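Under numbering that gives the first Met the number 0, the residue at position 252 of the sequence shown is numbered 251, and the numbers go up by one with no gaps.
Written below as structure tokens is the structure these notes are about.
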Amino acid sequence: MMKKKLWLAAGIAITGFLTGNAQQKNTGSNYVLIAPGDTEAEIIDKAVAVTPSPRQLRWQRLELTAFFHFGVNTFTGREWGHGKEDPRIFNPTQLDAHQWVKAAKAAGIKQVIITAKHHDGFCLWPTATTAHSVKSSPWKNGAGDVVKEVAEACKKEKIGFGVYLSPWDRNAKVYGSPAYNDFFVEQLTELLTRYGKVDEVWFDGANGEGPSGKKQVYDFERWYQLIRKLQPEAVIAIMGPDVRWVGTETGYGRDTEWSVVPTNNLSQESIAANSQQGLAFKPTGDMMGDDLGSRDKIVKAKGLVWYPAETDVSIRPGWFYHEKEDSQVKTPQKLEDIYYHSVGKNGVLLLNIPPDKRGLLHENDVKNLRDWNTIIQKTFSNNLAAEAKLSSSGKGAKKVFDKKEHTSWCPAPGDTTGTLELMLPQSTTFNVLLLQEQITRGQRIERFVLEYEENGDWKKVTEGTTVGYKRLLRFPEISARKVRLRILSSRKGFFLASFGLYKSAALP
Ligand code: FUL
């Protein structure tokens, strides 16, 4: 009984916090506790009140981010270094981080992450924690700092900057002992205090030690607290509280992608132990299934958390540069397909572009990035639905065209479905649908269908389940004048921020 009371108190506190706040400000909570006795209706109430934290919202809006995998592996041809590499092999001849960042930016990428340390333990910055770093390399006579060059290029180009620091370290002597956690804290402190603003910290879960290898218990929570203190606006990704791995390295996300997912480790105690800066532990539960957050999942949950998907993939077969893969750079069309299946499936794309031995992005990668961006820009520059005459249920239908993410079309109070009918100025050919929810009001849409009218009959164009921040669907070309979107199911109504119809463009 006591417990139930406590839980209810938490529920009320969170709901109370939500009401009375301007909806745009996203002042809700990114987690909620479910009480054992909660009914499905109460759980749905709670689910729609879960919204992204400001740092999660900023990150989601980036849509496109990049990885630069660079280090001793670039020079040995390996994917996982063994940690015994001679630092003298690290010797890029023309390193130009500005070239990397400019090429990424020209592709529409809004934030980049440098592998400050990969599993081999070699540090791309002159750390005080180990001699296994750029300091011991011939590059710039040991006076260089790759992390600094990337951070400065990002500042100059005004894009976000992030660091990948591998927990698994095959070089550090202290790895496998409690001292490693202190060593890691020191490395993290250097990275978070020397280079200005850090927007994303990426912790990898990989460990190839095997059953007889070294065992290290990582003090993740201490690291999260440190990041929250030193860089409160940074998202902590993958082995962290803010951003979830989508579960594949193919670039293809789930058709049904909920950002609000069940978590097992949310409790009064864990909330109380949190930093003032928001959740500072990694949510646990099924983060790998085909559907993480539908009704039948959340009704069994102990807690719910906003934990959105990041979809990582490399532009080449490997994460590091290998000359033999110069002819296997993903084509602009393949990257376009990945875009539809990552950004277009309520995820953020994290595209790896590995610099080569010169310390430059290879010409093939740069060209395909540029052409990919041309396709995306051309496709989405003209919303073919924008001039349509609208009739709809609910209110605010026009707002789906105002290009603002914080205004939306919503149904009448109490209604969970809706219809938006469009009369286009003339018969129009399209093959792409774009939908966006106003996620500061939660993720709510569960099922929708797009239809067109032909000879007085409504016919299906395409359909889907979740929308979230952004949903893109491609289908064979349709020519029609009358089109309608029906929201067939939602959690306590919906807030649709954008609707678009497009015709996908080809390269000239
Ligand atoms: C994996 C690592 O093992 C790969 O080398 C790469 O860094 C990728 C992004 O994550 O877990």
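Backbone N, C-alpha and C fix where the C-beta goes; we use that ideal spot for every residue, glycine too.
Being a predicted model, the structure only gives us computed values, none of them experimental.
Excluding the five sequence neighbours on either side, which residues of its own chain have a C-beta within less than 6 Å of the C-beta of residue i, listed in chain order?
i, result
"Asp168", "Gly120, Tyr174"
"Arg480", "Leu423, Ser426"
"Glu476", "Thr428, Asn430"
"Lys377", "Ala504"
"Asp254", "none"
"Asp144", "Trp124, Pro125"
"Ile270", "none"
For residue i, I'd like the list of residues in its chain whose CB is within less than 7 Å of its CB, leaving aside the five on either flank, ordered along the chain.
i, result
"Glu84", "Val71, Thr75, Asp119, Phe121"
"Ile42", "Ile33, Ile297, Val298"
"Phe379", "Tyr501"
"Asn264", "Phe280, Pro282, Thr283"
"Thr461", "Leu432, Leu449, Leu472, Phe474"
"Asp285", "Leu291"
"Pro331", "Asn367, Asp370, Trp371, Ile374, Leu506"
"Trp408", "Ser391, Gly393, Gly395, Ala396, Lys398, Val399, Leu419, Leu495"
With DSSP as the reference, identify every bridge partner of residue i, one or two as the case may be.
i, result
"Pro261", "Leu303"
"Glu436", "Leu495"
"Thr73", "For Thr73, which the question treats as bridged, DSSP gives no partner whatsoever."
"Glu450", "Lys459, Arg483"
"Lys394", "Cys409"
"Glu420", "Ser390, Arg483"
"Val31", "Leu303"
"Ala308", "Arg243, Gly346"
"Leu164", "Lys116"
Taking the straight line between their C-alpha atoms, what separation do you get for residue i and residue j?
i, j, result
"Leu5", "Trp257", "Residue confidence is low: Leu5 scores 29 on pLDDT, short of 50, so the model does not pin down where it sits. Its coordinate-derived value is still stated next. When rounded, the distance between both Cα atoms is 28 Å."
"Gln93", "Gly358", "6 Å"
"Leu32", "Gly288", "22 Å"
"Asp95", "Ala130", "24 Å"
"Pro511", "Ser136", "Limits of the chain in this structure are 0 at one end and 507 at the other, which puts residue 511 out of reach."
"Gly441", "Ser293", "14 Å"
"Ser28", "Asp355", "43 Å"
"Lys323", "Ser488", "50 Å"
"Asp370", "Ile337", "14 Å"
"Phe494", "Thr418", "13 Å"
"Val184", "Val245", "27 Å"
"Ser497", "Asn206", "42 Å"
"Tyr251", "Thr310", "7 Å"
"Lys491", "Asp290", "20 Å"
"Val47", "Gly413", "14 Å"
"Lys333", "Val312", "12 Å"
"Leu350", "Arg227", "25 Å"
"Thr465", "Asn345", "8 Å"
"Pro166", "Phe202", "7 Å"
"Arg57", "Val342", "15 Å"
"Ser390", "Glu445", "22 Å"
"Ile235", "Gly277", "12 Å"
"Glu453", "Ser478", "9 Å"
"Tyr217", "Leu187", "13 Å"
"Ala385", "Gly499", "7 Å"
"Gly204", "Lys459", "42 Å"
"Ala456", "Glu404", "It is worth fixing the name first, because residue 456 is Asp in this sequence and not Ala. Cα-Cα distance, rounded: 33 Å."
"Tyr194", "Ala300", "40 Å"
"Glu335", "Arg77", "28 Å"
"Arg210", "Lys155", "It should be pointed out that residue 210 corresponds to Pro in this sequence rather than to Arg. Cα-Cα distance, rounded: 46 Å."
Please return the same chain residues whose Cβ sits closer than 8 Å to the Cβ of residue i, not counting the five positions on each side in sequence.
i, result
"Val111", "Thr64, Ala65, Phe66, Phe67, Trp99, Val100, Ala103, Val149, Cys153, Ile158, Gly159, Phe160, Gly161"
"Ala411", "Ser392, Gly393, Lys394"
Using a threshold of 7 Å, is the CB atom of residue i nearer than that to any non-hydrogen atom of the ligand ATP?
i, result
"His68", "In terms of ligand content, the structure shown lacks the ligand ATP and carries the ligand FUL instead."
Roughly how far, in whole angstroms, is the beta-carbon of residue i from the beta-carbon of residue j, given that I think they are within contact range, below 8 Å?
i, j, result
"Lys394", "Met422", "Their Cβ separation, rounded to whole angstroms, is 19 Å, which puts Lys394 and Met422 out of contact at 8 Å."
"Val146", "Phe89", "The Cβ separation is near 14 Å, so there is no contact."
"Phe328", "Asp295", "Just to set this straight, residue 328 is Val in the shown sequence, not Phe. Not a contact, Cβ separation roughly 42 Å."
"Lys106", "Leu164", "Going by the sequence as given, residue 106 is Ala instead of Lys. Going by Cβ atoms, the distance from Ala106 to Leu164 rounds to 25 Å, so no, they are not a contact pair."
"Gln59", "Val347", "6 Å"
"Thr73", "Phe319", "6 Å"
"Tyr468", "Glu420", "Contact flag wrong, Cβ pair sits at about 25 Å."
"Val200", "Ala233", "5 Å"
Exercise for the section: Please go through the segment 455-486 and give each complete beta strand (DSSP E) segment of 3 or more residues, from N-terminal end onward. Expected result: 456-463
Handout entry: Unbroken stretches of the alpha helix (DSSP H), 4 residues or longer, contained in the segment 77-155
Key = 96-105
Handout entry: beta strand (DSSP E) runs contained entirely in the segment 215-294, provided each spans 3 or more residues
Key = Runs of the beta strand (DSSP E) lying entirely within the segment 215-294 and spanning at least 3 residues, in chain order: 234-237, 259-262.
Exercise for the section: Mind listing, in chain order, the continuous alpha helix (DSSP H) runs of no fewer than 4 residues lying wholly within the segment 320-367? Expected result: Runs of the alpha helix (DSSP H) inside the segment 320-367: 331-341.
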